[in-house]
DNA sequence: TGAATTTATGCGTATATCTGCATACATGGT
DNA sequence: ACCATGTATGCAGATATACGCATAAATTCA
């Protein structure tokens, strides 16, 4: 019984990690932290969101183990915990652009050059 | 203005794809479909969920473009739209197991061989 | 046309998440 | 001790999602 519920537990954790990616702001945060570590308020300003929102989103990413934070004086520096997260995001972005291209091509066959 | 809101739109779609992965049942469905295409009720039985739940989850995956469905007689066969989704899931699973291993190792240094 | 099989969906409920605002908490410098 | 700066959080409201049950809709076959 332990092992069957164990795999369920792992799948649940797997889904938790995916949930962490299921928000536009958090995706932007992850890409930003991939560029360079940053603290909450800098991130908030960079992305044009409130400090409150940035703090909560970072907390979600921390809980799921995608971001590591450490105090540096007054501020807390956040950084990516594992760059494979970015690889995964890039793969999913590629899935998206493929789909969009297919749709565009399909639309073209129906109604040639219908741009607005 | 169009282009700035365009990138926002793409990030939103990116997050939509990630949301599709943010559920344990849907993760199981994707891995199952990666093994072989299947119809709703077969999938429901295989995963031990109701037909209703399977149908709705498949609909989510279809809306996000991760699963393609086509009628085959009475039933509707569902299949993965893009295997890169599995690659992404595998990457994220690797992130998870790395983290779990680190935690286990850390626990070991504190309280050696504390298994139950 | 009518019965059987497979899917989809309306409904109600429970739960989760996001957000801004205001405020508490933590740290560093004076 | 006090103030400034940076960060976390309680609260309330809005929105989204998952679920089971029952039932509608689609398709095939007799």
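Residue numbers (our numbering), protein chains in the order written: chain X, 2 to 117; chain D, 2 to 117.
In this text, a Cβ means the ideal position worked out from N, Cα and C, and glycines have one as well.
Quantities reported herein were computed from a predicted structural model and do not represent experimental measurements.
With a cut-off of 8 Å on the beta carbons, I'd call residue i and residue j a contact; round off their distance for me.
{"i": "residue 25/X", "j": "residue 13/D", "result": "5 Å"}
{"i": "residue 92/D", "j": "residue 23/X", "result": "Not really, about 16 Å apart at Cβ, beyond 8 Å."}
{"i": "residue 21/D", "j": "residue 67/D", "result": "6 Å"}
{"i": "residue 41/D", "j": "residue 59/D", "result": "6 Å"}
{"i": "residue 18/X", "j": "residue 65/X", "result": "5 Å"}
Which residues in the same chain have their Cβ closer than 8 Å to the Cβ of residue i, if we skip the five residues on either side of it in sequence?
{"i": "residue 48/D", "result": "26, 29, 30, 33 and 55"}
{"i": "residue 35/X", "result": "81, 84 and 87"}
{"i": "residue 57/X", "result": "none"}
{"i": "residue 51/X", "result": "45"}
For the beta strand (DSSP E) containing residue i, name the first residue and the last one.
{"i": "residue 76/X", "result": "76-81"}
{"i": "residue 70/X", "result": "68-73"}
By Cβ distance below 6 Å, which residues in the same chain neighbour residue i in space, the five residues on each side in sequence not counted?
{"i": "residue 69/D", "result": "80 and 82"}
What first and last residue would you give for the alpha helix (DSSP H) that runs through residue i?
{"i": "residue 87/D", "result": "85-111"}
{"i": "residue 33/D", "result": "25-36"}
Closer than 8 Å, Cβ to any Cβ of chain D: which residues of the region 41-73 of chain X, in chain order? The region 41-73 of chain X vs chain D, Cβ under 8 Å: 66 and 67.
Is it a yes or a no for the region 69-77 of chain X touching the region 96-111 of chain X, going by three-plus beta-carbon pairs under 8 Å? The region 69-77 of chain X makes no contact with the region 96-111 of chain X: fewer than 3 CB pairs, one atom from each, lie closer than 8 Å.
Counting only Cβ-Cβ distances shorter than 7 Å, please list the residues of the region 13-44 of chain D near chain X, keeping chain order. Those residues of the region 13-44 of chain D that come within reach of chain X (Cβ to Cβ, closer than 7 Å) are 13, 14, 15, 16, 18, 19, 20, 22, 23, 24, 25, 28 and 29.
For the region 88-99 of chain X against the region 78-85 of chain D, are there 3 or more C-beta pairs whose distance is under 8 Å? Yes: the two stretches touch, three or more of their Cβ pairs being nearer than 8 Å.
Residues within the region 79-109 of chain D neighbouring chain X, beta-carbon criterion of under 7 Å: For the region 79-109 of chain D, which is checked against every Cβ of chain X, the residues closer than 7 Å are 83, 85, 86, 88, 89, 92, 93, 94, 95, 96, 97, 99 and 100.
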